[in-house]
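Participant: Before I ask anything, here is the structure I am working with.
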Amino acid sequence: MAFTLDEFHQCIFDLYEQSKKLHDRWQLIETTKGSYLIYSFIDTNCLKYDFHIVFSESYSVPVLYFNISHLDGSLLSLDDIWKLFIHKKNSNMYETITQQEHPILHRPFFVLHPCHTENLLRKVAEQSIKKRFLFWLSIYGQSIGLPLSINYAID
């Protein structure tokens, strides 16, 4: 089940509003090139994680872009990223995590490839758009270390 751009905007706005109520870290960024969400944190290994939820016009689904860096700002390489998530490897990391240009910022980011997102969303096709979005975010985000409170699932 694909998303429309309007549905995507409603989902990220709703998540942002709920984040404010939960005192969470999501930030809503609105530009002339598009709107997206950002979530950042530093883990116990002193790695900074930056997650961006952006809409894919090609696939009509949300896409999770991310960068992980050391505190000095130096980014981890693609090999380093794969090593972080190798325990989650299903078959081919090239099909899962790749590096490409962020569609709004035009800088290199890692991305969870969206080619299977629509198939995943079909599993919850009868749910509301908000629940499908949260389902996607909980599955994709968890796979690369994005913390998501269960409170987002509570209406």
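Under this note's numbering, the first residue of the sequence shown is numbered 14, with each subsequent residue one higher. All C-beta atoms in this analysis are idealised placements derived from N, C-alpha and C, irrespective of residue type, glycine included. In this text the structure is predicted, and so the values were computed from the model without any measurement.
Considering only the beta carbon of each residue, do residue 77 and residue 147 sit closer than 8 Å?
Facilitator: In this structure, residue 147 does not lie closer than 8 Å to residue 77 by Cβ.
Participant: Would you decide whether residue 32 is buried or exposed? Buried here means 16 or more other CB atoms lie within 10 Å of its CB.
Facilitator: Residue 32 is buried by the Cβ-count criterion.
Participant: Is residue 16 helix, strand or coil by DSSP?
Facilitator: Residue 16: coil per DSSP, three-state reduction.
Participant: Can you list, in chain order, the residues of its chain whose CB lies under 6 Å from that of residue 159, leaving out five sequence neighbours each side?
Facilitator: These residues qualify, in order along the chain: 64.
Participant: Figure out for me which residue from 154, 145, 165, 166 has the closest Cα to the Cα of residue 20.
Facilitator: Of the listed residues, the one whose Cα sits closest to residue 20 is 145.
Participant: Does the pairing of the segment 65-73 with the segment 81-99 give three or more beta-carbon distances under 8 Å?
Facilitator: In short, these stretches do not touch, since the Cβ pair count stays below three.
Participant: Using the Cα positions of residue 81 and residue 113, report the straight-line distance between them to the nearest angstrom.
Facilitator: Between residue 81 and residue 113, the C-alpha separation is close to 14 Å.
Participant: In its own chain, which residues sit with a C-beta less than 7 Å from the C-beta of residue 46, not counting the 5 before and 5 after it?
Facilitator: The answer, listed in chain order, is 117.
Participant: For residue 134 and residue 162, I'd like the C-alpha separation in whole angstroms.
Facilitator: When rounded, the distance between both Cα atoms is 20 Å.
Participant: Under three-state DSSP, which class holds residue 154?
Facilitator: Correct three-state label for residue 154: helix.
Participant: Which of the three DSSP states, helix, strand or coil, is assigned to residue 65?
Facilitator: Residue state, collapsed to three classes: strand.
Participant: Cα separation between residue 138 and residue 75?
Facilitator: Their backbone Cα atoms lie some 15 Å apart in a straight line.
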